[in-house]
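Chains as they are written, first to last, in the numbering used here: chain B, 1 to 130; chain G, 131 to 260.
Don't be surprised by glycine CBs; every beta carbon is placed ideally from N, CA and C.
Since the structure is predicted, the reported quantities are computational estimates derived from the model, not experimental observations.
Quick notes on the structure that follows.
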DNA sequence: ATCGGTGCAAAGGGTTTGCAGGGTA
DNA sequence: TACCCTGCAAACCCTTTGCACCGAT
């Protein structure tokens with residue numbers, strides 16, 4: 001049975017607040033403001049626990065693992081090549097039929113759009129926080 | 131200027147022979163038959179060099195980095211969740227317009243289909259362990 | 001008082017890099 | 001011969017794990 005701790009609350013809050021796929025490092029950075037002692041290992045363990053209970057789903061884009069709230073309709077993602085942030089896009093527009101040829105069993109699919117996000121485009125900063 | 135070595139030949143041959151995105155570990159395993167002394171570091175360096183000269187392109191799916199020949203028409207990929215192999219699918223069928231909302235600059239996109247490949251489906255071999 | 005959660009540090013995979021020696025041009 | 005390429009090992013980054021302590025129930 002899971003217990004409620006301040007750390008878990010802080011980690012869960014990140015996902016609600018950002019509403020986009022986050023890496024463990026991003027979560028760790030966000031929680032550092034309120035709970036500087038919260039270790040990166042706790043972030044990983046908690047995130048994995050949240051995935052197991054179905055609260056988060058893994059989003060594999062951009063090399064590092066990301067996670068987002070599972071309570072969202074099917075959608076795809078945008079990856080900003082400047083700031084390495086992932087964003088959620090609107091609902092899925094990919095036609096489900098014939099995604100793969102005969103012989104392949106299709107379980108799922110993911111569409112990732114690469115480019116530059118509005119924040120990076122307007123400020124032409126790069127890998128900066130906010 | 132690049133030099134032709136047996137190692138580089140062997141590495142390039144893997145991509146021609148397999149015609150699908152390969153990880154460094156996969157390339158290393160293939161070359162091991164002919165050139166057991168070829169180190170994994172050489173695979174990484176060579177693959178990165180091939181990307182720089184435009185011969186290979188990175189394919190970021192499934193957690194580990196993969197690479198494929200760039201001399202192929204636009205297409206997407208299938209990732210087998212059993213054997214961890216990536217395959218190339220037919221040409222792109224995603225409509226290019228409205229991939230992202232206002233404010234986002236779109237450079238590229240990638241559609242990944244997850245499932246089980248014919249080889250794993252028929253023989254039920256694969257990674258086992260489930 | 002339990003027993004899951006946390007912090008720290010060390011361990012584990014994947015990838016890169018430093019260095020000395022080897023092979024191509 | 002010159003210089004790139006290679007092998008090996010150490011370094012790095014991301015993620016997981018061991019262990020002792022903390023704290024929610």
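Interface flag for residue 121 of chain B against chain G is set, since a Cβ pair is found closer than 7 Å. Only residues of its own chain outside the window of five on either side were considered, and among them 151, 207, 209, 216, 240 and 242 have a CB closer than 8 Å to the CB of residue 191 of chain G, listed in chain order.
Residue burial annotation: residue 100 of chain B is buried, with at least 16 other C-beta atoms found within 10 angstroms of its C-beta.
Here residue 226 of chain G is exposed, its C-beta having fewer than 16 other C-beta atoms within 10 Å.
Among the residues facing chain G, residue 118 of chain B is included, as its CB has a counterpart in that chain under 7 Å away. The segment 174–181 of chain G makes contact with the segment 132–141 of chain G; the number of CB pairs closer than 8 Å reaches 3 or more.
Bounds of the alpha helix (DSSP H) holding residue 172 of chain G are 170–182. In this chain, residue 230 of chain G is not harboured by any beta strand (DSSP E), its DSSP state being neither H nor E. Each residue's CA atom was taken as its position, placing residue 116 of chain B and residue 237 of chain G some 8 Å apart. Proximity of residue 97 of chain B to chain G, defined by a Cβ-Cβ separation below 7 Å, is not satisfied.
Membership of residue 188 of chain G in the beta strand (DSSP E) is indicated by the continuous run 186–190. For residue 60 of chain B, the C-beta contacts it makes with chain G under 8 Å involve 191, 192 and 193, in order along the chain. Residue pairing by DSSP puts residue 236 of chain G in a beta bridge opposite B/115.
In this structure, residue 204 of chain G sits near residue 222 of chain G, with a CB-CB distance shorter than 7 Å. Under the Cβ distance rule, residue 110 of chain B counts among the residues neighbouring chain G, one pair being separated by less than 7 Å. Rounded to whole angstroms, the gap between the alpha carbons of residue 199 of chain G and residue 71 of chain B is 38 Å.
Comparing alpha carbon positions, the residue from G/146, G/136, G/158 and G/248 closest to residue 211 of chain G is G/248. Against residue 152 of chain G, chain B offers no close residue; the least beta-carbon distance is about 17 Å (beta-carbon pairs closer than 8 Å). Residue-level contact by beta carbon holds for residue 244 of chain G and chain B, with a gap shorter than 7 Å. Excluding the 5 residues flanking it on each side, residue 160 of chain G has same chain C-beta neighbours closer than 7 Å at 144, in chain order.
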